[in-house]
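Take the numbering used here: the final residue in the sequence shown is number 348, and no numbers are missing along the way.
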Amino acid sequence: MSDTITLTLQQAEQLSLDILIRNGFSDAHAAAITRSVLAAQRDECHSHGLYRILNCVEAARLDAIDPRAEPEVIDQAPAVVRVNAHQGCSLLPMEQGLPLLVTKARTTGIALLGINNCFHFSALWPEVEALSSQGLVGIAMNPTHAFVAPAGGHKPLFGTNPFAFSWPRPGKTPYTFDFATSVVARGEIELHRRAGKQIPDHWAVDTDGNPTTNPEDALAGAMLTFGGHKGSALSTMIELLAGPLIGDLLGHETQAPTAEGGGKPFHGELLIAIAPEVLLGDQAAQHLSHAERLFEGIIDQDARLPSQRRYAARERSLVNGVTIPEALYLELKALL
Numbered sequence: 013m014s015d016t017i018t019l020t021l022q023q024a025e026q027l028s029l030d031i032l033i034r035n036g037f038s039d040a041h042a043a044a045i046t047r048s049v050l051a052a053q054r055d056e057c058h059s060h061g062l063y064r065i066l067n068c069v070e071a072a073r074l075d076a077i078d079p080r081a082e083p084e085v086i087d088q089a090p091a092v093v094r095v096n097a098h099q100g101c102s103l104l105p106m107e108q109g110l111p112l113l114v115t116k117a118r119t120t121g122i123a124l125l126g127i128n129n130c131f132h133f134s135a136l137w138p139e140v141e142a143l144s145s146q147g148l149v150g151i152a153m154n155p156t157h158a159f160v161a162p163a164g165g166h167k168p169l170f171g172t173n174p175f176a177f178s179w180p181r182p183g184k185t186p187y188t189f190d191f192a193t194s195v196v197a198r199g200e201i202e203l204h205r206r207a208g209k210q211i212p213d214h215w216a217v218d219t220d221g222n223p224t225t226n227p228e229d230a231l232a233g234a235m236l237t238f239g240g241h242k243g244s245a246l247s248t249m250i251e252l253l254a255g256p257l258i259g260d261l262l263g264h265e266t267q268a269p270t271a272e273g274g275g276k277p278f279h280g281e282l283l284i285a286i287a288p289e290v291l292l293g294d295q296a297a298q299h300l301s302h303a304e305r306l307f308e309g310i311i312d313q314d315a316r317l318p319s320q321r322r323y324a325a326r327e328r329s330l331v332n333g334v335t336i337p338e339a340l341y342l343e344l345k346a347l348l
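In structure tokens form, the structure reads like this:
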């Protein structure tokens, strides 16, 4: 028997929708979640692909989130949109708040979207690319549960605190990056655990603060920030901007759902949209063209632009479908 299963994109989409709806998610939430995990799986971002459906269903089965929550979009100020997720997943609130964010950015030049009281598990690059696809510069960030020690520390305090940026390139795929401020995303350690593989010893420390290659010990201990004190400072910034600044919690004030009914898995997310045509007027096209010199300089040195591998994976998946471990496929089917 093969160790992997290949699905067409349509089969993967239907599998996701069927599982989510079968497990209590509204049609709207199921569709929004599916769009995100399918985009990640299509681009071979395995840690945020179909695997994440397991987390969603578990949270719903533990009654830790409301899978049918109705987001509340609030027109807060001329350049500010807020969405109360009402303890549901973040993706539907993001999609519902995005049109007003875009409208405000095109009016004021820059606008903010704060999502409150949400369960967030997804990659951020689809969200900033939703902005760059409309000619806007997109920035997104959010705290997560406390999994990461500050530089020089050894106990979890920060979330993995991802940050994403997307710059529109007319006629080309956008310049996009999306990374955790921890050395790796927590999902990468979880995937190593599931595969029975060790991790590099600079990813995390165990409960005694010692470097570890055991993913189980890493998940029980604390992950580390990338770049030492620099990653630690960026993580702090994200906690503040996507926490207190939008009236939401810090990472260490939230907890993952538990079988005992505990946990408080809700926090905030911040998106920023910038409209070059408002800042630059009729010179916007000229300056966006000027920006291409930077990308050309990177490529001329045979260096790789962020997301190039992802875009190549997308082209393969559009032709060949997506391949996932058979064990994951069986786990997903069991949810039906």
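Don't be surprised by glycine CBs; every beta carbon is placed ideally from N, CA and C.
Note that the structure is a prediction, hence the values are computed from the model and not measured.
Check: For GLN146, three-class secondary structure by DSSP; Outcome: coil
Check: Stretch-stretch touch, CB-based, cutoff 8 angstroms, three pairs: the region 88-95 with the region 59-73; Outcome: no
Check: Terminal residues of the beta strand (DSSP E) in which LEU124 lies; Outcome: 122-131
Check: Cβ-based neighbour list, GLN23, same chain, cut-off 8 angstroms, excluding 5 preceding and 5 following; Outcome: GLY333
Check: PRO186 and GLU141 closer than 7 angstroms at C-beta; Outcome: yes
Check: C-alpha gap between VAL174 and MET249, whole angstroms; Outcome: Correcting the residue identity first, residue 174 is Pro in this sequence and not Val. Near 11 angstroms, if we compare the C-alpha coordinates of MET249 and PRO174.
Check: C-alpha distance - THR172 paired with PHE159, whole-angstrom precision; Outcome: 6 angstroms
Check: 8 angstroms Cβ shell around TYR323 - same chain, five flanking residues per side excluded; Outcome: ASP55 and THR185
Check: Anticipated Cβ contact below 8 angstroms, SER102 with LEU203, distance rounded; Outcome: Between LEU203 and SER102 the Cβ distance is about 22 angstroms, and since that is not below 8 angstroms, they are no contact.
Check: Counted within 10 angstroms of its Cβ, other Cβ atoms place GLU244 as buried (16 or more) or exposed; Outcome: Glu is not the amino acid found at residue 244; the sequence shown has Ser there. Buried, by the Cβ-count rule.
Check: The beta strand (DSSP E) enclosing TYR187, as first and last residue numbers; Outcome: 184-191
Check: Limits of the unbroken beta strand (DSSP E) element including LEU231; Outcome: No beta strand (DSSP E) contains LEU231, which is instead part of the alpha helix (DSSP H) from 227-232.
Check: 8 angstroms contact criterion, which HIS157 and THR335 should meet: CB distance rounded; Outcome: Not quite, the Cβ-Cβ distance comes to about 30 angstroms (not below 8 angstroms), so this is no contact.
Check: Secondary structure of ASN35, DSSP reduced to three states; Outcome: coil
Check: Every unbroken alpha helix (DSSP H) within the region 267-316, with a cutoff of 4 residues, ordered by chain; Outcome: 288-292 and 296-312
Check: Pair within 7 angstroms by beta-carbon distance, PHE238 and PHE131; Outcome: no
Check: Three-state secondary structure assigned by DSSP to TRP215; Outcome: coil
Check: Buried/exposed call for ARG316, threshold 16 Cβ in 10 Å; Outcome: exposed
Check: Where the alpha helix (DSSP H) through CYS101 begins and ends; Outcome: No alpha helix (DSSP H) contains CYS101, which is instead part of the beta strand (DSSP E) from 92-101.
Check: Cβ pair PRO168, ALA234 closer than 7 angstroms; Outcome: yes
Check: First through last residue of the alpha helix (DSSP H) which encompasses ALA176; Outcome: Taken as a continuous stretch (DSSP letters only), ALA176 belongs to no alpha helix (DSSP H), being part of the beta strand (DSSP E) at 175-181.
Check: Span of the beta strand (DSSP E) around GLN210; Outcome: Here GLN210 belongs to no beta strand (DSSP E), and DSSP marks it neither H nor E.
Check: Neighbourhood of ASP218 by C-beta, 6 angstroms cutoff - its chain only, sequence neighbours within 5 removed; Outcome: THR224, ASP229 and GLY233
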